[in-house]
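Under the UniProt record's numbering, think of the first position of the sequence shown as 1, with each following residue one higher. Every residue gets a Cβ at the ideal spot worked out from N, C-alpha and C, and that includes glycine. As the structure is a prediction and not an experimental result, all values here were calculated from the model.
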Amino acid sequence: NHNAFKKAKHCRKESVKPQVTEYFPIRRSSRKSKKELDKQYTAELEDTLRNSSDDHLDLGIAYYSLKGRGIQAMRNFSKGEFVVEYAGDLVEIDIAKEREFQYSKDHSTGCYMYYFKHNEKQYW
């Protein structure tokens, strides 16, 4: 009897369970990694900068004999009015001069240093 039960169990068709993919299609995640998001943001920003005009900024490029190219206000700005934002380092004169020297060795890069005086203190 035991062998007959075993044989009957073996001969029995196994019930086929439906797969979830029969009801729902396989979906790939559309989420992007931080690296992909940063790359997309940078590309969009560069595209915007390439395709926009700076005429509304009221700033121009001027040449100064001792400093070279520089940014010049094309009109008088009021106290507290936004002019331009610069994200960079505030450094002492010796570091600024050293950086200018290093940057001058590679003509493929520019040197954009702002020299200004605020509250009687000179900044570079």
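Distance from the Cα of residue 112 is smallest, within the candidate group 45, 97, 51, for 97. For residue 101, the enclosing alpha helix (DSSP H) stretches over residues 93-105. Look at residue 17 here: in three-state DSSP terms it is coil, with no helix or strand label. Annotated three-state conformation of residue 90 is coil, per DSSP. The three-state secondary structure of residue 45, taken from DSSP, is helix.
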